[in-house]
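**Student:**
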Amino acid sequence: MIDFDNSSVFKLKPIDVSKVRDDFHKFLIDGETIFAAFKTVRDQVVFTNKRVIAANVQGITGSKVDYTSLPYSKINAFSIETSGTFDLD
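Converting from the sequence shown to this note's numbering requires adding 1 to each position, the first position being numbered 1.
1. Mind checking who residue 39 pairs with in its DSSP beta bridge?
2. In angstroms, rounded to a whole number, what distance separates the CA positions of residue 78 and residue 38?
3. DSSP has residue 54 in a bridge; who is on the other side?
4. Is the separation between the beta-carbon of residue 52 and that of residue 70 shorter than 8 Å?
5. Give every residue of the same chain whose Cβ lies closer than 8 Å to the Cβ of residue 87, excluding the five residues on either side of it in the sequence, and list them in chain order.
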């Protein structure tokens with residue numbers, strides 16, 4: 002699960018869409034625009050008007066990057082966690 006809220010070492014933090022990796026733009030199709038972006042230390046996830054694209058930077062030098070594209074039309078499940086009445090997290 003992609004974690005936007007819980008405290009963890011590699012928490013996704015929002016970034017300005019102008020600060021996304023340059024190579025994301027080569028994956029965009031006609032009429033597709035990025036409207037939200039998040040990052041960890043090296044990885045990034047962007048939300049476009051058509052899909053979610055994730056860049057997983059690998060290796061010590063970071064020269065290898067794994068890209069995953071997930072069109073919204075293919076998403077058939079999601080997860081939401083709510084806090085309980087007396088929970089602290």
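For every residue, glycine included, the Cβ atom is placed at its ideal position computed from N, Cα and C.
As the structure is a prediction and not an experimental result, all values here were calculated from the model.
**Tutor:** This is what the structure holds:
1. 15 and 46
2. 21 Å
3. 47 and 70
4. Contact flag set, yes.
5. none
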